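Taking it in order: structure first as structure tokens, then the write-up.
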């Protein structure tokens with residue numbers, strides 16, 4: 009990076025609260041685990057079965073929305089785990105990301121169907137981005153869309169790319185779905201990506217990208233300017249930032265080949281300074297979260313892990 013750009017990035021990191029010194033700090037496994045698993049928390053109605061659970065996200069009412077790979081794919085539960093409703097049957101090829109915006113609308117991505125779709129809480133389609141089944145890298149096409157984040161002003165960000173020959177970019181749209189810009193390419197440098205698996209936004213409006221293939225979280229402003237990269241949260245398959253800027257990151261892939269010395273599990277820390285304070289390992293007594301690819305937390309601090317291999321939604325609360 010040229011010295012002028014490096015100086016700007018450092019100054020920007022300081023003014024926005026990013027901790028530049030955290031850039032090359034690798035994830036640690038020696039952290040407290042103050043959580044316990046809540047067994048059999050969410051129950052499906054008779055006749056419905058779990059598929060691979062890929063995403064879970066709370067709404068403002070404390071209900072939990074779930075995206076899984078079996079019809080019907082979009083599910084809503086109350087905080088006690090009681091099933092409320094479902095919709096979206098027959099609409100998706102490969103369910104992936106799910107988020108809920110400030111107005112309670114549910115956004116999802118179809119990774120191989122090449123679309124991001126906005127639903128009302130009742131299941132009405134309000135907006136569709138991308139062309140169904142058409143892969144591309146233009147302003148109106150995706151190739152491997154993984155997740156959506158919505159800014160307070162309604163601007164929409166799509167993580168477009170799932171590794172391999174798919175895209176490797178963030179695409180920004182206005183609140184009415186008009187293309188604004190895109191940034192990123194395949195690579196490992198600042199602003200480059202390898203599997204943009206999830207997105208999250210902190211209280212300052214900074215965009216956090218789970219750059220899974222590069223074993224890091226990258227942080228940008230909403231214009232795509234690089235702020236920092238953090239490796240201390242593991243190889244992130246899922247990230248979530250709560251209103252108080254607690255950062256949750258679930259690592260489903262670290263091993264001696266992909267990220268030596270780093271264990272899989274959920275790391276909990278701060279989006280403000282990058283510190284990591286707790287770790288829920290995916291080994292005993294929590295083997296059921298192995299390969300979880302989505303993580304979130306409700307207003308009480310309860311954590312939800314979307315289990316792909318376990319085909320279940322897992323809940324953790326403070327001991």
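Numbering (our numbering), first residue to last: 9 to 327. Glycine included, each C-beta is placed from N, C-alpha and C at the ideal position. Nothing here was measured: the structure is a model prediction, and the numbers come from that model.
Exercise. Does the stretch 60 to 68 come close enough to the stretch 76 to 91 that 3 or more CB-CB pairs lie under 8 Å?
Worked result: Yes: the two stretches touch, three or more of their Cβ pairs being nearer than 8 Å.
Exercise. Since residue 180 is in the beta strand (DSSP E), which residue starts that stretch and which ends it?
Worked result: Here residue 180 is taken as the residue at index 172 of the chain shown, counted from 1. That run of the beta strand (DSSP E) goes 177 to 181.
Exercise. By Cβ distance below 8 Å, which residues in the same chain neighbour residue 316 in space, the five residues on each side in sequence not counted?
Worked result: As a working mapping, residue 316 is identified with position 308 in the chain shown. Hits under 8 Å: 60, 61, 62, 260, 299, 300, 301.
Problem set entry | Expected contact under 8 Å - CB spacing of residue 221 and residue 252 to nearest Å | Mapped onto the chain shown, residue 221 falls at position 213. Mapped onto the chain shown, residue 252 falls at position 244. At roughly 29 Å, the Cβ-Cβ gap does not stay under 8 Å, so residue 221 and residue 252 are not in contact.
For this session: Give the C-beta separation of residue 168 and residue 178 to the nearest angstrom, bearing in mind that I take them to be a contact with Cβ-Cβ under 8 Å.
Result: Walking along the chain shown from the start, residue 168 turns up at place 160. Walking along the chain shown from the start, residue 178 turns up at place 170. Yes, they are in contact, since the Cβ atoms of residue 168 and residue 178 sit about 7 Å apart, within 8 Å.
For this session: Give the secondary structure of residue 275 by DSSP, where H, G and I count as helix, E and B as strand, and everything else as coil.
Result: By 1-based counting over the chain shown, the position of residue 275 is 267. In this structure, DSSP gives residue 275 an extended state, which the three-state scheme calls strand.
Problem set entry | Best match in 49, 309, 246 for proximity to residue 156 [C-alpha to C-alpha] | Against the chain shown, residue 156 aligns to sequence position 148. In terms of CA proximity to residue 156, 246 leads the group 49, 309, 246.
For this session: Would you identify the three-state DSSP class for residue 318, choosing helix, strand or coil?
Result: Stepping through the chain shown from its first residue, residue 318 is reached at position 310. It is coil, neither helix nor strand.
Exercise. What separation, rounded to the nearest whole angstrom, lies between the Cα atoms of residue 211 and residue 308?
Worked result: Taking the chain shown and counting its residues from 1, the one referred to as residue 211 is at position 203. Taking the chain shown and counting its residues from 1, the one referred to as residue 308 is at position 300. Their Cα atoms are separated by approximately 18 Å.
Exercise. Just how far apart, CA to CA, sit residue 313 and residue 323?
Worked result: Here the question's residue 313 lines up with position 305 in the chain shown. Here the question's residue 323 lines up with position 315 in the chain shown. Approximately 6 Å between the Cα atoms of the pair.
For this session: Find the nearest neighbour of residue 135 within the set 125, 144, 142, 119, judged by alpha-carbon distance.
Result: Locating residue 135 in the chain shown gives position 127, counting from the first residue. It is 125 whose Cα lies nearest to the Cα of residue 135.
Exercise. In chain order, which beta strand (DSSP E) runs of at least 3 residues are fully inside the stretch 174 to 230?
Worked result: Qualifying beta strand (DSSP E) stretches, in chain order: 177 to 181, 187 to 191, 204 to 209, 215 to 219, 224 to 228.
Problem set entry | Under 8 Å between C-beta atoms of residue 388 and residue 274 | No answer is possible for residue 388: it lies beyond the span of the chain, which begins at 9 and ends at 327.
Exercise. Quick one: any contact between the stretch 145 to 156 and the stretch 170 to 188, if contact means 3 or more CB pairs under 8 Å?
Worked result: The stretch 145 to 156 makes contact with the stretch 170 to 188, as at least three CB pairs between them are under 8 Å.
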